[in-house]
Amino acid sequence: MPSRNHLDKVGRKKKKKWSEEAMERALIEVKSGRCTVRQAAKEFGVPK
């Protein structure tokens with residue numbers, strides 16, 4: 001039987017840990033072709 005802690009975490013949404021500003025800057029970098037989506041996600045700390 002799974003532990004109670006495991007049951008509490010199942011289905012829980014992840015909390016947003018990045019700022020809107022960081023996301024906007026990452027989008028600008030990707031759209032301009034200066035970096036890839038993966039590079040921008042790593043550099044600005046936003047999801048891919």
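Per the UniProt record's numbering, the sequence shown starts with residue 1, numbered consecutively.
Glycine residues also receive a C-beta, built at the ideal position from the N, C-alpha and C atoms.
Given the structure is predicted, the values throughout are model-derived calculations rather than measurements.
SER32 carries a helical assignment under DSSP once its states are collapsed to helix, strand and coil. In the structure shown, LYS42 adopts helical secondary structure according to DSSP, grouped into three states. Annotated three-state conformation of ARG12 is coil, per DSSP.
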